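Everything on this sheet refers to the single structure shown next.
In this note's numbering, the protein residues as written are 60 to 786.
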């Protein structure tokens with residue numbers, strides 16, 4: 060890199076190589092150190108194409124890295140330069156590299172200060188008497204008069220000494236209070252016997268500094284400031300006071316027998332107490348992957364720990380007077396430790412209080428949007444429509460306030476994915492990852508989108524990344540199960556086994572007749588299939604017998620219906636169902652089966668996936684043959700399907716509203732009364748309460764003639780009648 064320290068101006072920007080800063084007017088433009096070095100190199104080579112190899116060799120100092128790292132940094136750099144410029148300043152030359160095309164200028168040096176007025180000639184120095192003068196002639200300094208120059212030099216030296224030692228502030232100045240979530244990454248040390256990896260230790264420190272800055276609410280000290288303390292054995296309190304941070308991260312690496320051993324410690328600067336430590340090894344053979352894995356793993360684990368520590372500290376120090384950041388940290392701390400509905404509800408209350416105190420806080424808006432969408436998608440909860448509407452508002456507001464914020468982009472992506480617009484969602488997720496490659500929300504969103512489109516290889520790769528960089532997440536069991544399932548869909552049963560076993564290791568025992576078609580059930584189903592496909596039929600049979608004690612009513616059609624359409628139509632899923640059928644799972648449920656379930660009040664919130672009664676009180680039950688005859692006769696019958704939409708009879712209307720939503724059902728009843736016709740209500744099948752609840756609620760509305768088709772989509776599909784898939 061050039062050693063020039065002159066300021067460089069282009070457009071509205073001012074580049075300062077000496078201070079490693081880029082400003083737009085008086086505003087500092089945040090850039091990672093890599094992006095800054097790339098910009099400086101391109102500016103200094105203005106007008107010519109700088110090859111990718113030259114950039115990698117110069118900026119990454121000879122490290123072996125993938126070109127994707129360069130593309131990510133250039134993308135972030137372009138976004139930073141886009142504001143205030145109508146045309147692109149960095150052009151891509153396909154197959155060659157990049158070229159900076161902006162007009163640059165170096166500011167004129169400041170004018171020399173005006174000449175000082177000419178001082179009058181000095182007064183004559185008093186002379187001693189002749190006798191004394193003769194006695195002192197060989198001496199050049201008179202000791203009878205104190206030298207003003209000597210006194211000035213002594214004062215200046217004393218002042219410099221005080222500055223070097225860090226003079227204490229005046230007694231009247233209050234001590235500085237380090238910001239919450241403030242941290243400095245001290246230079247990592249290379250402890251290898253041959254000191255072979257100093258450059259890698261520096262790169263890890265550099266990338267950690269950049270990545271930790273993506274933690275919402277964090278204050279991370281620039282690498283150059285932390286680098287001052289390289290090799291200096293100073294008390295942590297002194298370093299923390301000098302840098303004005305609460306926490307210090309120090310670490311080391313050692314190259315041993317084909318792998319790197321990594322140690323890292325989080326220290327409270329004031330007390331020197333070690334708050335967290337991590338020790339692990341990574342293979343040495345792929346250096347770029349090793350560096351990436353080290354940084355991502357430390358960033359993820361440390362981000363969770365910092366938020367947890369600060370959340371607990373806020374609860375202790377300001378339990379009665381929390382501010383917006385306190386509440387946010389406490390809510391995030393809960394979410395980092397649990398993914399239960401109860402935990403999410405507690406975190407939601409704290410985040411809503413934070414938003415009330417600071418309505419335009421992007422990090423709170425983004426977190427709330429993601430939380431509410433997750434609740435609606437994963438749990439049966441009281442107000443799904445209201446929560447989803449709020450999630451949409453929060454996500455849109457966050458993105459409007461901060462169009463480039465990774466978490467705001469990921470939150471808005473989740474809203475699009477919820478509506479089935481995964482292509483648009485993926486663009487937002489990729490934009491989030493361009494500036495924050497370890498963004499958990501964006502990576503998770505991509506997993507969902509890849510899965511819904513049956514892109515199993517991409518799904519498995521994203522999940523492997525999440526498992527590597529976020530190994531202790533509350534949802535790690537979900538990721539293990541999803542990764543095992545993806546490998547099964549790819550036909551890799553032996554690769555799926557260890558992930559599925561990890562998903563079920565020490566898992567709690569589900570109650571008999573569990574109603575949730577969730578992670579635990581899919582993990583057990585997948586393990587039954589994996590063991591069968593690898594030839595261990597005895598174990599598969601035993602696993603299936605245990606499965607049926609918990610989920611005795613599942614059918615192959617039910618699993619297919621509740622699976623995203625693209626996955627359900629894949630070859631891998633067909634083999635999945637075939638293995639379960641071989642184990643003994645029935646294909647369909649019988650619509651006439653009496654499970655001994657008693658009718659229940661429609662006010663009770665029912666589970667979707669459990670046996671229903673034979674009849675709804677006051678509502679006639681219709682069978683498949685009778686419904687088919689009515690539809691064929693075209694008698695003007697209205698058929699409303701509240702199921703998943705996997706097998707809709709001709710002319711049936713697929714309903715997405717919640718049957719327990721009283722206002723929505725009242726509005727629907729008013730619409731139906733406007734054209735009085737008989738109404739038949741159905742759901743996914745006899746193992747689905749949505750159709751039952753809808754029939755009961757509509758029967759309670761005056762002026763309607765309602766019948767209930769208990770068999771629903773499953774019985775219709777079993778009969779082989781014409782149908783459409785509305786999923």
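Every residue, glycine too, gets a C-beta built ideally from N, C-alpha and C.
Quick caveat: nothing in here was measured; it's all calculated off a predicted structure.
Contact between the segment 448 to 460 and the segment 492 to 500 is absent, with fewer than three C-beta pairs closer than 8 Å. A distance below 9 Å separates the beta carbons of residue 473 and residue 484. Rounded to the nearest angstrom, the gap between the Cα atoms of residue 786 and residue 334 is 49 Å.
In the three-state reduction of the DSSP assignment, residue 362 falls in the helix class, which pools H, G and I. Excluding five sequence positions before and after residue 677, the CB atoms of its chain that fall closer than 6 Å to its own CB belong to 758, given in chain order. Per DSSP, reduced to three states, the secondary structure at residue 118 is helical.
Residue pairing by DSSP puts residue 322 in a beta bridge opposite 311 and 338.
In the DSSP assignment, residue 281 falls outside any alpha helix (DSSP H) and carries neither an H nor an E. Sorting 357, 316 and 422 by C-alpha distance to the C-alpha of residue 251 places 316 at the top.
Under DSSP, no beta-bridge partner is assigned to residue 344. Taking the Cα of residue 310 as reference, the smallest distance to any Cα among 300, 303, 338 and 298 is reached at 338. Closest option to residue 559, judged by alpha-carbon separation, among 579, 684, 340 and 282: 579.
Counting of Cβ neighbours within 10 angstroms places residue 109 among the buried residues, the total reaching 16 or more.
The three-state reading of DSSP puts residue 603 in helix, counting H, G and I together.
The beta carbons of residue 115 and residue 74 sit about 21 Å from each other, so the pair does not count as a contact at 8 Å. Straight through space, the alpha carbons of residue 652 and residue 350 are spaced by roughly 60 Å. If one requires a minimum length of 4 residues, the alpha helix (DSSP H) runs lying completely within the segment 90 to 114 are 92 to 103, in chain order. A straight line joining the alpha-carbon of residue 539 with that of residue 581 spans about 11 Å. A straight-line Cα-Cα distance of about 12 Å links residue 750 and residue 773. About 21 Å separates the Cβ atoms of residue 563 and residue 515, ruling out a contact at the 8 Å cut-off.
Pairing residue 596 with residue 477, the inter-Cα distance amounts to about 38 Å. Under DSSP, residue 241 takes part in a beta bridge, and its partners are 278.
Taking all protein chains in view, the Cβ of residue 589 is crowded by 16 or more other Cβ atoms within 10 Å, so the residue is classified as buried. Listed in chain order, the alpha helix (DSSP H) elements of length 4 or more contained wholly in the segment 343 to 418 are 346 to 376, 383 to 396 and 400 to 416.
Taking 3 residues as the minimum length, the segment 517 to 556 contains no beta strand (DSSP E) run wholly inside it. Boundaries cannot be given for residue 255, as no beta strand (DSSP E) includes it and DSSP labels it neither H nor E.
Here residue 397 has 533 as same chain residues with Cβ atoms under 6 Å from its own Cβ, once five neighbours each way along the sequence are excluded.
Boundaries of the alpha helix (DSSP H) around residue 690: 683 to 692. A residue is called buried when at least 16 other Cβ atoms come within 10 angstroms of its Cβ; residue 67 meets this threshold and is buried.
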